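Novice: Please read through the structure below; I'll follow up with questions.
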Amino acid sequence: MSKKALVTGITGQDGSYLAEFLLAQGYEVHGIIRRASTFNTGRIDHLYQDPHVMGVRLFLHYGDLGDSVSLVKLLYELRPDEIYHLGAQSHVRVSFDIPEYTSDITGVGTVRILEAIREAGVRPKFYQASSSEMFGKVAEVPQTETTPFHPRSPYGCAKVFAYWLTVNYREAYGLHANNGILFNHESPRRGETFVTRKITRAVAAIKLGMQEKLYLGNLDARRDWGYAKEYVEAMWLMLQQDKPDDYVIATGETHSVREFLEEAFHCVGLDWQKHVMHDIKYERPSEVDLLIGNPSKAKRVLGWEPKIKFKDLVRLMVDSDLETLKNPEKR
Ligand code: NAP
Ligand code: GDD
């Protein structure tokens, strides 16, 4: 019988790649989606459309990380073998505008799932989408599984809370509960308000004469950017281990937002300085200046290694946005 996985945040960037990956592995995949006034399944619609990929193995259920009862009911009914908890208010800048909501969904949302597991009396393997944002004002370079946390945003604080809850449920109840401490990972499916995608979309639009200027905040911040499609495989590998644990998933390289800009504009033969303007509204009250991860534990234990590095990632995203803008019907 095929394994059953439940994915929160299935409509997001990572959820869509993970659902694709799990279906290809033969899983029956269940996802929680939110009711919205517009369609919000754009990233997973292709999984319905291709009967060879999909069959009847992808099921979507309405629910919300703020609604415990729906989570408990779902777990009673499904009794999944694995839970990938990816749902969150995931935007760092926005978390300063809605800190209470972010704490509730990104932080307490994890408790709701973990308690629903206990309430339903199930024993799934559990993955928590932890984040390099927890390292914040970094205590050491590069960051590893033992680097202390110093979050710099309400989002980062909520993720630290969820991280420790996951560790606690492992220690207190013997749950196979794992933290993937993922550094920034991007793709053509990245949300349009995160900096990489904002840049690659703008580069494509400027190249095609559809846009003049791009407004950005801090260009000096440095991030360890990898490819989302590869990162979801690390999530799965964590849940295939005999023992639960915590892992840093990163490329081991760091680049500034300015370098990302240079590379993206370079891909289409344009000079970024002619198009980029500063707008203070994109700056954060407190910033994370430098992130760079050491993924050697993931390589040693999981056999996981990133293949797509910085320049390939930028090129892949710019090419995809050019293609999409040239063929809007594919959007
Ligand atoms: P994303 O694209 O923003 O997706 C977030 C998902 O959470 C969406 O499916 C969203 O649903 C869902 N969601 C939001 N609020 C919810 C609620 N109240 N109830 C139920 N679902 C809700 O994020 P991502 O980039 O795929 O990241 C996946 C996870 O990894 C997140 O937890 C994120 O914080 C974490 N993470 C991401 C990175 C990264 O670089 N991408 C790095 C480290 C950790 P809608 O589609 O309806 O909005
Ligand atoms: N979003 C955005 N928009 N960021 C900008 C802009 C802009 O116009 N201009 C400069 N930046 C800078 C931000 O200040 C930050 O230093 C950097 O670009 C990256 O911003 P984001 O792409 O929004 O990502 P993030 O690093 O804050 O958060 C992402 O990565 C985390 C992992 O470290 C998100 O995916 C989080 O959910 C994730 O946990």
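Each residue of the sequence shown is one higher than the last, beginning at -1 in our numbering. By construction, the Cβ of each residue, glycine as well, lies at the ideal position given by its N, Cα and C atoms. Source: prediction; values computed, not measured.
1. Candidates I306, V158 and G215: which alpha carbon is nearest K279's?
2. Do you know how far the Cα of F263 is from the Cα of D287?
3. Could you check if N177 belongs to the surroundings of ligand 2, using beta carbon to heavy atom distance under 7 Å?
4. Since F19 contacts E231 with CB under 8 Å, what's their CB separation in whole angstroms?
5. Let's see if you can read the secondary structure: which residues bound the beta strand (DSSP E) around I30?
6. State the start and end residues of the unbroken alpha helix (DSSP H) segment that holds F147.
7. Looking at the secondary structure, which residues open and close the beta strand (DSSP E) in which I247 lies?
8. How is the alpha helix (DSSP H) around H59 delimited, first residue to last?
9. Does ligand 1 have a heavy atom nearer than 7 Å to the CB of N38?
10. If you compare alpha carbons, which of I8, D43 and S68 is closest to H83?
11. I need the straight-line Cα distance from A127 to E190, nearest angstrom please.
12. Measure the alpha-carbon distance for M233 versus V27 and round it to whole angstroms.
13. So, L180 versus A118, is the Cβ gap smaller than 8 Å?
14. Just to check, is the beta-carbon of N216 closer than 7 Å to a non-hydrogen atom of ligand 2?
15. From N38, A34, R33 and K1, pick the residue whose C-alpha is nearest to that of S14; which is it?
16. If contacts are defined as beta-carbon pairs under 8 Å, then Q87 and V246 qualify, I think. What distance do you get, rounded to the angstrom?
17. Less than 8 Å separating the beta-carbons of I103 and I81?
18. Give a yes or no on whether the C-beta atoms belonging to K307 and T252 are separated by under 8 Å.
19. Go to Y280, then tell me how far its beta strand (DSSP E) extends in each direction, as first and last residue.
Specialist: For this structure:
1. Counting from one through the sequence shown, the residue named residue 279 turns up at place 281. Distances from the alpha-carbon of K279 to those of I306, V158 and G215 put G215 closest.
2. Residue mapping note: residue 287 aligns to position 289 of the sequence shown, counting from 1. Residue mapping note: residue 263 aligns to position 265 of the sequence shown, counting from 1. For the pair D287 and F263, the Cα-to-Cα distance works out to about 23 Å.
3. Numbered from 1 along the sequence shown, position 179 holds the residue referred to as residue 177. No, ligand 2 has no heavy atom inside 7 Å of this Cβ.
4. What you label residue 19 is simply residue 21 of the sequence shown in a count that begins at 1. What you label residue 231 is simply residue 233 of the sequence shown in a count that begins at 1. With 8 Å as the limit, F19 and E231 qualify as a contact, their Cβ atoms being about 6 Å apart.
5. By 1-based counting over the sequence shown, the position of residue 30 is 32. First-last of the beta strand (DSSP E) with I30: E26 to I31.
6. Taking the sequence shown and counting its residues from 1, one reaches residue 147 at position 149. Here F147 belongs to no alpha helix (DSSP H), and DSSP marks it neither H nor E.
7. Here the question's residue 247 lines up with position 249 in the sequence shown. If you look at I247, you'll find it in the beta strand (DSSP E) that goes D244 to I247.
8. Here residue 59 corresponds to residue number 61 of the sequence shown, with the count starting at 1. No alpha helix (DSSP H) holds H59; the beta strand (DSSP E) holding it covers L56 to Y60.
9. Residue mapping note: residue 38 aligns to position 40 of the sequence shown, counting from 1. Yes, the beta carbon of N38 sits closer than 7 Å to at least one heavy atom of ligand 1.
10. Translated into the one-based positions of the sequence shown, residue 83 becomes position 85. Answer by Cα proximity: I8.
11. Counting from 1 along the sequence shown, the entry for residue 127 is found at position 129. Counting from 1 along the sequence shown, the entry for residue 190 is found at position 192. As the crow flies, the alpha-carbon of A127 is around 20 Å from that of E190.
12. If you number the sequence shown from 1, residue 233 lands on position 235. If you number the sequence shown from 1, residue 27 lands on position 29. Taking the straight line joining both Cα atoms gives about 15 Å.
13. Translated into the one-based positions of the sequence shown, residue 180 becomes position 182. Translated into the one-based positions of the sequence shown, residue 118 becomes position 120. Their beta carbons are not under 8 Å apart, which means L180 does not touch A118 by this criterion.
14. Position 218 of the sequence shown, counted from the first residue, corresponds to residue 216. Yes - ligand 2 has a heavy atom lying nearer than 7 Å to the Cβ of N216.
15. In the sequence shown, counting from the first residue as 1, residue 14 sits at position 16. Minimum Cα distance to S14 is reached at N38.
16. Looking up residue 87 in the sequence shown gives position 89. Looking up residue 246 in the sequence shown gives position 248. Going by Cβ atoms, the distance from Q87 to V246 rounds to 23 Å, so no, they are not a contact pair.
17. Along the sequence shown, one-based indexing puts residue 103 at 105. Along the sequence shown, one-based indexing puts residue 81 at 83. It is not a contact, given that the beta carbons lie outside the stated cut-off.
18. Here residue 307 is taken as the residue at index 309 of the sequence shown, counted from 1. Here residue 252 is taken as the residue at index 254 of the sequence shown, counted from 1. No, the Cβ-Cβ distance between K307 and T252 is not below 8 Å.
19. As a first step, residue 280 is located in the sequence shown; it is residue number 282 there, counting from the start. It is not in any beta strand (DSSP E) - Y280 carries neither H nor E in the DSSP assignment.
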